[in-house]
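Numbering (my numbering), first residue to last: 42 to 244.
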């Protein structure tokens, strides 16, 4: 990854359905390997397990001055002292999340490939908008996003933009000039050594 001042920052996602007890050491190791701008807890586990994961992630991330958001769960964000939420359904709940969590919370919105949803989310008060997947991925609905969306967004909209979904080294190089953050998660957690996988992708 370039050391240029305008290079995108790393936005780290936990594995979907992760168990807190298994994830802790790996998460700490990954976050010590590279500076992380934000940690996102992905949903997929039962609420009790998500609560344990939230406490673990907050402890690890806040010790490294990294903000933590959680997929969709406004109540869990409040209950476990997280920094905000990542809304997976576009702009629909942005105003609600902002009202519940307050002006200082982080509210992000995943908008698939829709520029319109992205602009609506930004107008509703989202702190960032994410588009994806940028590569072919069975984990997302819909076809990959046209990378021109990121070029257009970076030239037109002031709200920070996150690129996510099936990131490769080649895509990373294409997206770096036009993205504020690159979200990495499934790309490394399926590897035997997530730190080595991140170094190969990001380093």
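We treat Cβ as the ideally placed atom computed from N, Cα and C, and that holds for glycine.
Per-residue DSSP class, three states only, for residue i
i	result
residue 60	coil
residue 224	strand
residue 45	Here the model assigns residue 45 a pLDDT of 47, short of 50, so the residue's position is not dependable, and the following value carries that caveat. Of the three classes helix, strand and coil, the one that applies to residue 45 here is coil, per DSSP.
residue 217	helix
residue 171	strand
residue 137	helix
residue 157	helix
residue 112	strand
residue 93	helix
residue 104	coil
residue 208	coil
residue 180	coil
Within 8 Å, strictly: CB atoms of residue i and residue j
i	j	result
residue 124	residue 146	yes
residue 61	residue 97	yes
residue 83	residue 56	yes
residue 235	residue 71	yes
residue 107	residue 148	no
residue 126	residue 169	no
residue 86	residue 121	no
Outcome for residue i when other beta-carbon atoms lying within 10 angstroms are tallied against a minimum of 16
i	result
residue 59	buried
residue 51	buried
residue 239	buried
residue 137	exposed
residue 81	buried
Endpoints, beta strand (DSSP E) assigned at residue i
i	result
residue 202	202-204
residue 127	125-128
residue 147	147-151
residue 81	79-82
Element boundaries [alpha helix (DSSP H), containing residue i]
i	result
residue 240	235-243
residue 190	189-197
Would you be able to state if there are at least three C-beta pairs under 8 Å between the stretch 123-139 and the stretch 150-166?
yes
Pairs of beta-carbons, one from the stretch 166-175 and one from the stretch 215-235, closer than 8 Å: are there three or more?
yes
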